[in-house]
Amino acid sequence: MFEKLGHLIAKRKKPILALFLLSTIFAGVVGSQVFSRFDTGGYMDPNSDSAKVWEYLDETFEVKSPAVVLVVDGKDNSVDDLSVVASAERIEASLRSEPSAESVLSYWSAGRAPSLKSKDGNSAFIFVYLKSTDFTEIDKLGGLYQEKYDGAFEGMEVYASGGAVFANAINGRIQNDLKISEAISIPLTFLLLLFVFGAMAASAMPLIVGITAILGTLLVMLLLTLVTDVSIFALNLTTGLGLGLGIDYALLIVNRFREELAKGLDNESAIVNTLRTAGKTVFYSGVTVVLTLLSLTFFPQNFLKSMGYAGAAVVALAVVGALIPLPAILALLGTKINKGVVRKGGIVQKEDGRWSKVARFVMRRPIGVITASLAVLFLMIAPIANIKFSQVDSGVLPRGDRAYIASQFIADEFPGQESNPIEIVFPNGASQTSEINAFLNQVSATQGISRVGQIELVGESARVVAIHSMQPRTSEGEALIKELRNLPSPDGTLIGGAAADYADTQNAISSTLPAVLGWIIITVLLLLFAFTGSVLLPIKALILNFISLAATMGVLTWVFIDGNLKFLVGDFIETGSLDTNTMVLIAVVAFGLSMDYEVFLLSRIKEEHDAGNSNIDSVAMGLQKSARIITAAAFILAVVFAAFVISGVTSIKMMGFGVAFAILLDATLIRAFLVPALMRLFGDWNWWAPRSLKRFQINH
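Structural data, given as structure tokens:
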């Protein structure tokens, strides 16, 4: 298949390039419209009790959450002081005149309800309910309301918070940070490629594949927004994976093409041989990463689903770019691929160089190397004992962000989470009055509950609001929801609200993880077996990957929970926990990329083994011929993701650092030391498989 593809590309290179160029321009122009359609939510399990509560509130009780929450702080003056009342009424009148505001409710217009007043009596709420239900418009309005109302006003201070303001703050920072990270990573990446390849023309090839993969995925994400919500965080993942894997695959293809040219082959023969070897490796590597990333679609949350779809799309497009337009460009350039030489060592690769020497050194002392390597890994794993999980809230923003300052002011000054209540719905409540009252008495007595509201009846359904004192998206909020759900309650009782969303999301992730792990383990074992023909090597790869992931989790705990390395990753708010969704994302992406490098390495080792070399020589020569590319690819990909640590959003910072660390750990300690040492110990058992299974092996 790959040989036929090589001949076709070599003969039809110009039409292929023309079609590729037109497709890329179309994808970039149309796909750029996706930037205004991203969602900052998507963390809820749509099948959970909390999701059903939101449906009841919307359809039956016609309740809307305030999109914008303002707090008027009279500073040293009571909210009942005449001057404060007059100023607050002017703010409220201005809010009511806003074309986008459906209704406005405040402490002053709601009969001065004590629940809407701060504990010191100097601050009070104003809730703004918007007409629009379109996420893009709500996001934009959040920024407009914050700009217009947040800040000093007539001797008072007004704080703007709420879902719309928070969404706008997150989206704005991510889009701005992405521009900065790309401005840093793309030029730096080109310089690194120039060093690796040693020639200007060759250095440009990986960037072509990476950038076109990103543009193509923008179009895919735009199409996805027509049928589902797509998380704003998918933008960072797409950029990182598209640029990084585009570079990885292009490095492999270009390097092999230059090897074939160095043998004296003509352009067409070099392209055919390149696709037969490196092209096949890229294809199966890409399939492995795509299947790993698709495991994210198993989760019910749109946040993770959209990451899975976008991630799989960008990897698939990077593979297509590396296998079709890139070889067409190479066929057109031929030996001109080495034009613009800046470093001769990047063009000529030695058969027996430093990587071969490293491999032979490791294989002379396999037990010692394995012991030392595992000791280092378990030292990294140790901090995982302190790991705690939470979800995205205002704590992911920088300390100086006005949205964060507003949320902290609310948390400090108001005894209950008035804007994040626990919503309790009784679908058959009209006939359950006595049971409801008994249940609510228990709710009132539960530690953490500040007050319980009155029963509201609409038809057969009843609704009650309970205000709690802790932050909703925390383990404390989750524990409270579990305690309330364990209380004896009327049949059909549903408990929702922000804290319940968090509890249901954590439960959805933990209950889906076994299926995700099962999918990853089975697909990776089958693919690696088909690729290597070995039973032992796929098992070894899985075990090493899970150890590497545990080390990454331990280091992330040490950095983002214990607050270390701020001089390297920048300042962030220590919440004492790690975002669950981001950790799942890091784990799946890092696992997929680790398998990417595993396929790269095993491909060259198996090629040497099939050529008749001994186990030791196969490993040494395979490492020599692949480690330079793997290390270079890993370092460049790590740079791409590490650029995200400049982000002011902690979850993006954590994703960038986590993936970069996992990549570097895998490409150095794992691939350079543990893999050769273990393959030395396994000897000829590396390539063993039952005869009955040999027919399923891919012939190289």
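For the sequence shown, position 604 (counting from the first letter as 1) is numbered 614 according to this note's numbering, and the numbering increases by one without interruption.
C-beta atoms are modelled at their ideal positions from N, C-alpha and C, and glycine is treated no differently.
Taking all protein chains shown into account, residue 219 has 16 or more neighbouring C-beta atoms within 10 Å of its C-beta and is therefore buried. The segment 528-537 and the segment 296-311 touch, with three or more beta-carbon pairs separated by less than 8 Å.
Of all alpha-carbon atoms in 71, 629, 223 and 672, the one lying nearest the alpha-carbon of residue 556 is that of 672.
Less than 9 Å divides the Cβ of residue 309 from the Cβ of residue 526.
Secondary structure at residue 605: helix, using DSSP grouped into helix, strand and coil. Residue 112: not part of any alpha helix (DSSP H); member of the beta strand (DSSP E) spanning 111-116, first to last residue.
The beta carbon of residue 126 lies closer than 8 Å to those of 116, 117, 120, 134, 135 and 428 in the same chain, with the five residues before and after it left out.
Under the three-state reduction of DSSP output, residue 622 falls in the coil class, being neither helix nor strand. The C-alpha of residue 522 is placed about 45 Å away from the C-alpha of residue 269.
About 18 Å separates the Cβ atoms of residue 19 and residue 212, ruling out a contact at the 8 Å cut-off.
The beta-bridge partner set that DSSP reports for residue 589 consists of 400. Secondary structure note for residue 140: its beta strand (DSSP E) is the uninterrupted segment 133-140.
Taking 9 Å as the cut-off, the beta carbon of residue 328 is found no closer than this to the beta carbon of residue 378. With distances taken between CA atoms, residue 128 lies nearest to 424 out of 39, 207 and 424. Using a Cβ distance threshold of 9 Å, residue 393 and residue 449 do not count as a contacting pair. Residue 549 carries a helical assignment under DSSP once its states are collapsed to helix, strand and coil. By the Cβ test, the segment 683-699 is in contact with the segment 542-560, since at least three Cβ pairs between them sit closer than 8 Å.
In the same chain as residue 687, and ignoring 5 residues on each side of it, the C-beta atoms closer than 6 Å to its own belong to 372, 376, 379 and 380, in chain order. Of the residues assessed, residue 335 falls on the buried side of the cut-off, its CB having 16 or more other CB atoms within 10 angstroms.
Taken through DSSP and simplified to helix, strand or coil, residue 488 comes out as helix. Between residue 172 and residue 152, the C-beta gap is smaller than 9 Å, which places the two residues in contact.
Counting along the chain, no alpha helix (DSSP H) covers residue 432; the unbroken beta strand (DSSP E) around it starts and ends at 432-436. In the three-state DSSP reduction, residue 127 falls in the strand class (E or B). Distance from the Cα of residue 43 is smallest, within the candidate group 228, 86 and 298, for 228. Contact check between the segment 429-442 and the segment 494-513: three or more CB pairs, one atom from each, fall below 8 Å, which counts as touching.
In the three-state scheme derived from DSSP, where H, G and I count as helix and E and B as strand, residue 161 is classed as strand. Under DSSP, residue 511 takes part in no beta bridge, so it has no partner. If only uninterrupted alpha helix (DSSP H) runs of at least 4 residues are considered, those enclosed by the segment 264-306 are 277-284 and 290-304.
With 16 or more other Cβ atoms from the protein chains shown falling within 10 Å of its own Cβ, residue 315 counts as buried. Counting the other CB atoms within 10 Å of its CB gives residue 162 a total below 16, which places it among the exposed residues.
Under the DSSP assignment, residue 167 falls in the beta strand (DSSP E) whose first and last residues are 166-171.
If you compare the alpha carbons of 277, 59, 677 and 132 with that of residue 94, the shortest gap goes to 132. Counting along the chain, residue 223 sits inside no beta strand (DSSP E); it lies in the alpha helix (DSSP H) bounded by residues 210-235. Judged by DSSP secondary structure, residue 453 falls within the alpha helix (DSSP H) whose first and last residues are 443-454.
Just measuring C-alpha positions, the residue of 665, 643 and 679 sitting nearest residue 203 is 643. For residue 330, the enclosing alpha helix (DSSP H) stretches over residues 312-333.
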